[in-house]
Amino acid sequence: MADETTPLIRNCWYVAALSADLAPGKLFARRLLDVNVVLYRTENGIAALHDRCAHRSMPLSDGYIQDDKVVCGYHGFRYGTEGICDHVPSQPERCPGGISVRSFPVVEHSPHVWIWMGDPGLADPAQIPGAAWMRDSDEWTGSHGYMHVKSNYVFLHENLLDLSHLSYLHAKTFGTPDYASAPFDIQTGDGEFIVQRTVAPTRLPPVYAEPTGMTGVDAARIVTSTYVSPALSYTELLLRNLELPQEQRRDFHLKTAQIITPESDGTLHYHFTVVRDFALHDQAMSEFILKSIKAAFHEDVYALERITQVRLGEPVFHERSVAADRAGVAMRKHLKKLADHENPPTQPV
Numbered sequence: 506m507a508d509e510t511t512p513l514i515r516n517c518w519y520v521a522a523l524s525a526d527l528a529p530g531k532l533f534a535r536r537l538l539d540v541n542v543v544l545y546r547t548e549n550g551i552a553a554l555h556d557r558c559a560h561r562s563m564p565l566s567d568g569y570i571q572d573d574k575v576v577c578g579y580h581g582f583r584y585g586t587e588g589i590c591d592h593v594p595s596q597p598e599r600c601p602g603g604i605s606v607r608s609f610p611v612v613e614h615s616p617h618v619w620i621w622m623g624d625p626g627l628a629d630p631a632q633i634p635g636a637a638w639m640r641d642s643d644e645w646t647g648s649h650g651y652m653h654v655k656s657n658y659v660f661l662h663e664n665l666l667d668l669s670h671l672s673y674l675h676a677k678t679f680g681t682p683d684y685a686s687a688p689f690d691i692q693t694g695d696g697e698f699i700v701q702r703t704v705a706p707t708r709l710p711p712v713y714a715e716p717t718g719m720t721g722v723d724a725a726r727i728v729t730s731t732y733v734s735p736a737l738s739y740t741e742l743l744l745r746n747l748e749l750p751q752e753q754r755r756d757f758h759l760k761t762a763q764i765i766t767p768e769s770d771g772t773l774h775y776h777f778t779v780v781r782d783f784a785l786h787d788q789a790m791s792e793f794i795l796k797s798i799k800a801a802f803h804e805d806v807y808a809l810e811r812i813t814q815v816r817l818g819e820p821v822f823h824e825r826s827v828a829a830d831r832a833g834v835a836m837r838k839h840l841k842k843l844a845d846h847e848n849p850p851t852q853p854v
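This note's numbering applies: residue 506 is where the sequence shown begins, and numbers increase by one.
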């Protein structure tokens, strides 16, 4: 199975930043898959370059933008959006050839900026994962959040597929005592991993009960967790008041895009988008839901970081799995397969 020792998967679209992070005229630096990257807006879109001058390794993000090009703040070497140096101030008459930095394919699907860190010949924008509800829509409304996590991305994906931990890790936020023992269905296939859990009847936690008006009533809470790619997982929630007559029941839907980009083997960027299909113009409700969800996600981050500390301190240990882990184990085997395909094991001589 994939773990913190598995090579990072590079032939994949990842979110590099939010659109709002890239202000016109400003350079934005971020480490992605163990590579320092600088992103910036141009007249025609967004450029992404290796954040390291080819001359003496000064971060290009310490420089500035000039006519859609990046000027190094050390010796003034200037790079275009394709990473090619076209001006060296100490040799103004003729720029030496062969000086360049790597550029990365990048696509903006607002509110997210996606980047391809692998083989550029495989970077097909049509393969960028994501659903319409992740973007601005008349049918959904919501908000975005970000956390920096000191753990491996594999374990966050696994965390999102086995939500039986809600009864314990999230007992103070959006977990309920009956969640862990509720029935669930698992679907696994070639790159497809889905877990659906039905908790009914149940009493909803405040984060869901208050916005839907279902405080203190018997309700159904149906949660579907879906692994999409190394960069993305979905959590889809359906809420229903079971005390109303059948013909009066209304389904409330909330969806969360869990957007995961490794920073390194032991750290990651965690963006999330939370949307709903009710009270579309209630900004106070958006703020309440986001604040409540972030509180729960901080609990996940705490657990993942504690697990990482233990794994680093005692690396030789055989973990045991149970039935609820089936989707997570299959997903981790899938990630290992993808990583091995990009990095074939060295054959003994």
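Yeah, the Cβ is synthetic: ideal placement off N, Cα and C, and Gly gets one too.
Between the options, which lies nearest to residue i when the distance is taken from Cα to Cα?
i	options	result
THR511	VAL827, GLU819 and PHE660	PHE660
LEU527	TYR807, VAL612 and TYR584	VAL612
VAL606	PRO630, HIS670, HIS555 and HIS803	HIS555
THR740	ALA762, GLN751, PHE822 and ASN664	ALA762
GLY530	PRO601, TYR545 and ALA521	TYR545
HIS776	GLU748, GLY694, LYS842 and TYR519	TYR519
ARG745	SER738, VAL733, THR720 and SER734	THR720
ASP643	PRO630, TYR713 and PHE783	PHE783
LEU565	HIS592, ILE551 and LEU532	LEU532
ALA534	VAL575, PHE822 and GLY581	VAL575
VAL712	SER791, TRP645, TRP621 and LEU537	SER791
VAL704	GLY718, GLU715, ALA685 and PHE822	ALA685
GLU509	GLN571, SER769, ASP830 and ILE798	SER769
SER677	VAL593, GLY581, ALA801 and ILE604	It should be pointed out that residue 677 corresponds to Lys in this sequence rather than to Ser. Cα-wise, what sits closest to LYS677 is ALA801.
ILE551	GLY833, SER608 and GLY602	SER608
For residue i, which beta-bridge partners are listed by DSSP?
i	result
TYR775	MET652 and ILE765
TRP619	VAL520 and VAL612
ALA685	Per DSSP, none; premise fails for ALA685.
TYR739	THR731 and ALA762
VAL700	ILE691 and SER730
ALA705	DSSP, once it has assigned bridges, lists no residue as partnering ALA705.
LEU744	ARG726 and PHE757
TYR584	VAL575 and CYS590
GLY647	VAL780
I believe residue i touches residue j by the beta-carbon criterion, under 8 Å. Please report the beta-carbon distance rounded to the nearest angstrom.
i	j	result
GLY623	ASN516	4 Å
ILE765	ALA736	6 Å
GLY771	SER669	About 25 Å; that fails the 8 Å criterion.
THR731	MET639	Between MET639 and THR731 the Cβ distance is about 13 Å, and since that is not below 8 Å, they are no contact.
PHE689	ARG708	No, PHE689 and ARG708 are not in contact; Cβ-Cβ is about 19 Å, not under 8 Å.
LEU809	ALA507	With a Cβ gap of about 15 Å, LEU809 and ALA507 do not count as contacting.
ARG561	ASN541	At roughly 15 Å, the Cβ-Cβ gap does not stay under 8 Å, so ARG561 and ASN541 are not in contact.
For the alpha helix (DSSP H) that residue i lies in, which residues bound it at each end?
i	result
VAL712	711-717
VAL659	658-666
Hey, could you find the ends of the beta strand (DSSP E) residue i is sitting in?
i	result
ASN541	540-547
ILE874	Residue 874 lies beyond the residue range present for the chain, which begins at 506 and ends at 854; the question has no answer from this structure.
ASP591	590-592
ILE727	724-734
LEU674	First-last for LEU674: undefined, no H or E at that position.
ILE604	First-last for ILE604: undefined, no H or E at that position.
ILE514	That residue, ILE514, is in no beta strand (DSSP E); it is neither H nor E in DSSP.
LEU627	Note, LEU627: premise wrong, no beta strand (DSSP E); not H, not E.
HIS555	550-555
ARG536	533-537
Of all the alpha helix (DSSP H) runs that stay within the bounds of the segment 763-850, which reach a length of 4 or more residues? The qualifying runs are 788-818 and 831-847.
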